[in-house]
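Novice: Our numbering numbers the first residue of the sequence shown as 13 and each following residue consecutively.
Backbone N, C-alpha and C define an ideal beta-carbon position, used for all residues, glycine too.
This is the structure I have questions about; it appears just below.
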Amino acid sequence: MSTLGSQDAGGGPPAENLEYRIAHLQGRLASGELGELGVRVEARGRTVLLTGTVPSAPCREEIVRTVEEELAGFPVHSDLVVTEASSPDHAEELS
Numbered sequence: 013m014s015t016l017g018s019q020d021a022g023g024g025p026p027a028e029n030l031e032y033r034i035a036h037l038q039g040r041l042a043s044g045e046l047g048e049l050g051v052r053v054e055a056r057g058r059t060v061l062l063t064g065t066v067p068s069a070p071c072r073e074e075i076v077r078t079v080e081e082e083l084a085g086f087p088v089h090s091d092l093v094v095t096e097a098s099s100p101d102h103a104e105e106l107s
């Protein structure tokens, strides 16, 4: 049985503080430029899952980098969808 602050049997950081670290991360994301985005950060066992929609690939990369920094030692899986709105490159043909 592990105690708070001890290493997990797998050698990674203790799982007990993952929820606390996720709550801190969500506060950090909400207070920054990315605060208006609907990104969810959830613990799935010892893995962190990112879900939601972001406006661009650079935005997605910034969020993933921030999460990996804040939750170092925990694997991060990103299911963030990019909805980059760009102008069409050709006219729509109507029949």
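Name the residue from 44, 54, 40 whose alpha carbon lies nearest to the alpha carbon of residue 86.
Specialist: Considering only alpha carbons, the answer is 54.
Novice: Assuming residue 33 and residue 83 make a contact with CB atoms under 8 Å, what is their CB distance in whole Å?
Specialist: Contact flag correct, Cβ pair sits at about 6 Å.
Novice: For residue 88, I'd like the list of residues in its chain whose CB is within less than 7 Å of its CB, leaving aside the five on either flank, ordered along the chain.
Specialist: So the qualifying residues of the chain are 60, 62, 76, 79, 80.
Novice: Applying the criterion that 16 or more other CB atoms from any shown protein chain within 10 Å of the CB defines a buried residue, is residue 66 buried or exposed?
Specialist: By the 10 Å Cβ count, residue 66 comes out buried.
Novice: Buried or exposed: residue 112, going by 16 or more other Cβ atoms within 10 Å of its Cβ?
Specialist: Nothing can be reported for residue 112: it is not among the residues displayed for the chain, which extend from 13 to 107.
Novice: In whole angstroms, what is the alpha-carbon distance linking residue 57 and residue 38?
Specialist: Distance between the alpha carbons of residue 57 and residue 38 is about 18 Å.
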